[in-house]
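J.: Here's a structure for you.
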Amino acid sequence: MEEISIRKAKEIADDRKLHPGIVKGTDVIQFTKGGSPRVNIISWERFEDILKKRKLKIMENDGWMKIFSK
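Residue numbers for the sequence shown, in the working numbering: 2 to 71.
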């Protein structure tokens, strides 16, 4: 897995029809297709702010993305 930029994450998300999301009642962010009632879709700006504030990074391998602590 390798760390990717938010720009690259947006490209992959667009290709896979994913959106940035936050689990209701938490500060846990993830990528979502938007079908889960427990995950709210958020703006990319808010997603990026949370990444920075929580010192998280996006890792990618073959188009699969996961969020990790730095």
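Note that the Cβ used here is the ideal one computed from N, Cα and C, for glycine as well.
This structure is a prediction, so every number in the text was calculated from the model and none was measured.
May I ask which residues mark the beginning and end of the beta strand (DSSP E) holding L57?
T.: Against the sequence shown, residue 57 aligns to sequence position 56. Counting along the chain, the beta strand (DSSP E) containing L57 begins and ends at L57 to N62.
J.: Under DSSP, the alpha helix (DSSP H) around I7 begins and ends at which residues?
T.: For the purposes of this step, residue 7 is taken as residue 6 along the sequence shown, with counting starting at 1. It spans I7 to R17 - the alpha helix (DSSP H) in which I7 sits, taken as one unbroken run.
J.: Who pairs with W65 in a beta bridge, going by DSSP?
T.: Numbered from 1 along the sequence shown, position 64 holds the residue referred to as residue 65. DSSP, once it has assigned bridges, lists N62 as partnering W65.
J.: Within the continuous alpha helix (DSSP H) that includes I51, where are the two ends?
T.: As a working mapping, residue 51 is identified with position 50 in the sequence shown. It spans W45 to K54 - the alpha helix (DSSP H) in which I51 sits, taken as one unbroken run.
J.: Residues in the same chain with beta-carbon distance under 8 Å from K18, minus the five sequence neighbours each way, listed in chain order, please.
T.: Here residue 18 refers to the residue found at position 17 of the sequence shown. Correct list, in chain order: K34.
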